[in-house]
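The listed protein sequences derive, respectively, from chains A and B.
Just so you know, we're using the numbering used here here: the first sequence kicks off at 209 and counts up by one.
Just so you know, we're using the numbering used here here: the second sequence kicks off at 70 and counts up by one.
From the three backbone atoms N, C-alpha and C, an ideal C-beta is built for every residue, glycine too.
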Amino acid sequence: MSLPETVPFLGWAWDDLLFLFFAGALLGTGLMVVIGRNIIRSGLWMICCFGALAGLYVLLGAPLIAAAQVLIYIGAISVLVLFAVMLTQSKSGPVGLVFHHQAWAGALAALGIGILVAVVVAGTAWPLAETARTPSPTEELALLLFRDYVLPLEVVSVLLLAAVIGGVFLAKREREPEETIVPAEPARERMPAPAPAVGTRELTP
Amino acid sequence: MTETDLVAISPLIFVIALAMLIIVADIIWPDRDDISTGLTVAGLLVGAGLTVLVAQSEAREIFAGAYVVDPLTSFLDVLFLAIALVTVLVAPDYLRPRGLPMAEFTATLLFAISGAMLISGSRDLLVLFLGLELLVLPGYMLAGYAKRDGYSTEGAIKYFLLGSFSSAIFLFGLALTWGFTGTTRIREVAASLAQLDTASALAPALLMGLALLTTGVAFKIAAVPFHYWTPDAYQGSPTPVTGYLSVGPKVAAFALILRLFVEALAPIKADWTPVVIVLAAITMTLGNLVALTQDNVKRMLAYSSIAHTGYIMVGLAAYAGAPVGSEAERAGLEGLLFYSVAYAFMNLGAFAIVSALQHRRGVTSQIETFAGLGRRAPWAAILMTLFLLSLTGIPPTAGFFAKAYVVLAAVQAGGWVSVLAVIAVLNAAAAAFYYLRVVVFMFMRDPPETARPVLTGTMMRAGLAITAVMTIFIGLVPPVTSGVIEFARVAAEVLLVRTAGG
Numbered sequence: 209m210s211l212p213e214t215v216p217f218l219g220w221a222w223d224d225l226l227f228l229f230f231a232g233a234l235l236g237t238g239l240m241v242v243i244g245r246n247i248i249r250s251g252l253w254m255i256c257c258f259g260a261l262a263g264l265y266v267l268l269g270a271p272l273i274a275a276a277q278v279l280i281y282i283g284a285i286s287v288l289v290l291f292a293v294m295l296t297q298s299k300s301g302p303v304g305l306v307f308h309h310q311a312w313a314g315a316l317a318a319l320g321i322g323i324l325v326a327v328v329v330a331g332t333a334w335p336l337a338e339t340a341r342t343p344s345p346t347e348e349l350a351l352l353l354f355r356d357y358v359l360p361l362e363v364v365s366v367l368l369l370a371a372v373i374g375g376v377f378l379a380k381r382e383r384e385p386e387e388t389i390v391p392a393e394p395a396r397e398r399m400p401a402p403a404p405a406v407g408t409r410e411l412t413p
Numbered sequence: 070m071t072e073t074d075l076v077a078i079s080p081l082i083f084v085i086a087l088a089m090l091i092i093v094a095d096i097i098w099p100d101r102d103d104i105s106t107g108l109t110v111a112g113l114l115v116g117a118g119l120t121v122l123v124a125q126s127e128a129r130e131i132f133a134g135a136y137v138v139d140p141l142t143s144f145l146d147v148l149f150l151a152i153a154l155v156t157v158l159v160a161p162d163y164l165r166p167r168g169l170p171m172a173e174f175t176a177t178l179l180f181a182i183s184g185a186m187l188i189s190g191s192r193d194l195l196v197l198f199l200g201l202e203l204l205v206l207p208g209y210m211l212a213g214y215a216k217r218d219g220y221s222t223e224g225a226i227k228y229f230l231l232g233s234f235s236s237a238i239f240l241f242g243l244a245l246t247w248g249f250t251g252t253t254r255i256r257e258v259a260a261s262l263a264q265l266d267t268a269s270a271l272a273p274a275l276l277m278g279l280a281l282l283t284t285g286v287a288f289k290i291a292a293v294p295f296h297y298w299t300p301d302a303y304q305g306s307p308t309p310v311t312g313y314l315s316v317g318p319k320v321a322a323f324a325l326i327l328r329l330f331v332e333a334l335a336p337i338k339a340d341w342t343p344v345v346i347v348l349a350a351i352t353m354t355l356g357n358l359v360a361l362t363q364d365n366v367k368r369m370l371a372y373s374s375i376a377h378t379g380y381i382m383v384g385l386a387a388y389a390g391a392p393v394g395s396e397a398e399r400a401g402l403e404g405l406l407f408y409s410v411a412y413a414f415m416n417l418g419a420f421a422i423v424s425a426l427q428h429r430r431g432v433t434s435q436i437e438t439f440a441g442l443g444r445r446a447p448w449a450a451i452l453m454t455l456f457l458l459s460l461t462g463i464p465p466t467a468g469f470f471a472k473a474y475v476v477l478a479a480v481q482a483g484g485w486v487s488v489l490a491v492i493a494v495l496n497a498a499a500a501a502f503y504y505l506r507v508v509v510f511m512f513m514r515d516p517p518e519t520a521r522p523v524l525t526g527t528m529m530r531a532g533l534a535i536t537a538v539m540t541i542f543i544g545l546v547p548p549v550t551s552g553v554i555e556f557a558r559v560a561a562e563v564l565l566v567r568t569a570g571g
């Protein structure tokens, strides 16, 4: 049994239908990640979001990237994030997040930018649109990665190392917990006044 | 990739290896601040030597055209290493009394510097972006380095949120540029844009890409109206970090502008010149006006650094506004580079003095701290006066020549850019008010009765000596001045030859 050339009744190409499906899923799940109040659910929606993105990669003829997306983002990063959330969070998350106060402004801005991008992309005569899309075999991709783009590839690892070191420093527990650092600055506008600091005694002996 | 590629990029690899070495040394000998500081200082000197050594060989593209080691790269790399050196010398005096370790500080700083060095020679949009991230990511962490201090954390969060937001904007701009030109190599982007019909309007996507790139970069250099993160991040950060943040990422972001706008986007320069002119004008003016009202010296210096962004942008505007191939084009870039050097040393010096005063915990950076400093610690007061006079632009300091170069370049460029020259001079006059106010406090007020002597360590003195000597020598000693100028000229010419030659 074979499928008809185009989608029955609608007359679209199957690619377009699949694109609509994945793009819609991407936007919808992305929205759920942002508006959800339960951070675990947000994390689960994020997995769906990554999955839809992997589908888009397949449609674009990049199966290797799609596979990497599934393995790394869904398989590793999402699980890592969920575990980190579960291990660090006490009981339930905050009910109302700070950013929810400006949700409407954010939604309007997002809509405006979305329309702008759509208009811009549709209104541009892309010079390279006519060039045929060639499927990229793994070998070619590897050559690109390890020959032309070997410098960025290596730099990414340095970037990750720097981020890990910084993250560990900020997250690690102090050795002497009783010592508190005195806020070095006095109160300024838009900030709550600091708690009476121990070290300020130094100024008035 | 061949071994010659690795030799050419060895200063960068060296700095990254040094950062890792410090972390390993800290694991073996924990809490030995002297080891990590000593390693860093020695390493930075070796790194600078290595940079100079590599610079002797012919400039060439490496890593399949993704990176280049040319005079501009060497010029900027030496400057970045000097910035790191002064920061590391100044930091222990502030961090140690507050119980903050040096090892993580120096390692993170070195990672940031390696990002800056990556930008300085980048010939690929992807490398440019990764260099930018490697530069700013450790910066966020450094801003929040005093993690028990609420202000430090607040400043770091603001810096992080707005910083990553602007990185995303910048990346989107890169993506649109790449989508339009079909390449990430800067040489090919420029070649592709050069083929565009200059008479007709730009394609919408390219225009949007340009707008996003400009916005992203304006965030990074803290140009008005994209400067909102600056005062809080600068005031909250530990003072030596503020000193670094006010020069390191700023100069590196200008390096990015040189590689991206002056090289890749030069063919469409007519489209971004007006934006640069307007941004320069409002950045100078607003930075100075708000600085006038500040009572906290760190916050005042934060706004002053915004104003200086504006002055440096005058150099960029002079390049952009000048006719292609004219003398003013080169003068603008030369001014930009010279200003960056002068600004780096005088601003680091000013923040070093603030750090020295804050050696004791609990001492604030309010202007009252400076009252009577002329009597309490004459040397600190004299040096602070020197740095402030240089920031004002009083001859014969480095700051005067820096301002003179960018203003003259702007006059040479003509057109609307010469209006910018007038605005810059007026701003410099207005800025004298708030810089000299600190001087008045230091020499004409009585010290508060509670004031205690200012303590400075040997390292701090070395850092102050370097910045002071550079601030004076760049202005006063003709061989040094002409040396820097000559180096800046060679570096600027590299860019111009390449943009002219396609």
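- Residue contact check for B:F180 against chain A: a CB pair falls below 8 Å.
- Between the segment 464-472 of chain B and the segment 405-412 of chain B there are three or more C-beta pairs closer than 8 Å, enough to call the two in contact.
- DSSP lists B:Y136 as the beta-bridge partner residues of B:S191.
- In the structure shown, the three-state DSSP call for A:N246 is coil.
- Residue burial annotation: B:V347 is exposed, with fewer than 16 other C-beta atoms found within 10 angstroms of its C-beta.
- If you keep only unbroken beta strand (DSSP E) runs of at least 3 residues inside the segment 98-149 of chain B, you get 129-131 and 136-138.
- The bridge partners DSSP lists for B:T536 come to none.
- Pairing A:A370 with B:F229, the inter-Cα distance amounts to about 15 Å.
- Cβ-Cβ separation between B:I351 and B:V432: approximately 35 Å, too far for a contact (criterion under 8 Å).
- Between B:D139 and B:A128, the beta carbon gap of about 4 Å places them in contact (Cβ cut-off 8 Å).
- When Cβ pairs closer than 8 Å are counted between the two stretches, the segment 161-175 of chain B is seen to touch the segment 423-432 of chain B, the count reaching three or more.
- Apart from the 5 residues on each side of it in sequence, B:S315 sits with its Cβ closer than 6 Å to the Cβ of S374 and N416 in its chain, given in chain order.
- At the C-beta level, B:L564 and B:L402 come within 8 Å of one another.
- Between B:A421 and B:T536, the C-beta spacing is below 8 Å.
- Within chain A, the residues A370, A371, I373, G374, G375, F377 and L378 have their CB atoms less than 9 Å from the CB of B:M210, given in chain order.
- Within the DSSP secondary-structure output, B:R254 pairs in a beta bridge with B:D193.
- Residue pairing for B:A324: DSSP places it in no beta bridge.
- The beta-carbon separation of B:A482 and B:A397, rounded to 4 Å, stays under the 8 Å limit for a contact.
- It is roughly 30 Å from the alpha-carbon of B:L75 to the alpha-carbon of B:A335.
- When the alpha-carbon of B:R167 is set against those of B:S459, B:T311, B:D193 and B:R429, the nearest one is in B:R429.
- DSSP lists A:T214 as the bridge partner or partners of A:A221.
- Here B:V475 is near B:Y380, since their CB atoms are less than 8 Å apart.
- B:L199 sits close to B:L187, with the two beta carbons spaced by under 8 Å.
- The Cβ-Cβ distance between B:T246 and B:L194 falls below 8 Å.
- Contact residues of the segment 268-283 of chain B toward chain A are A272, P273, A274 and M277 (C-beta to C-beta distance below 7 Å).
- Check the Cα spacing between B:L150 and each of B:Y388, B:T120 and B:E173: the tightest is with B:T120.
- The C-beta of A:W253 has 16 or more other C-beta atoms within 10 Å across all chains shown, which makes the residue buried.
- B:M171 counts as buried, since at least 16 other C-beta atoms from the protein chains shown sit within 10 angstroms of its C-beta.
- In this chain, the alpha helix (DSSP H) harbouring B:G305 covers W298 to G305.
- Proximity of A:L336 to chain B, defined by a Cβ-Cβ separation below 8 Å, is satisfied.
- Among the CB atoms of chain B, one or more fall inside 8 Å of the CB of A:L367.
- A:P212 is outside the set of residues whose beta carbon lies under 8 Å from a beta carbon in chain B.
- When Cβ-Cβ separations below 8 Å define contact, B:I375 makes no contact with chain A.
- The beta carbon of A:L359 falls within 8 Å of a beta carbon belonging to chain B, placing the residue at that interface.
- Beta-bridge pairing by DSSP links B:Q435 to B:N365.
- Restricting attention to B:G441, B:Y372 and B:L281, the CA atom closest to the CA of B:S235 is found in B:L281.
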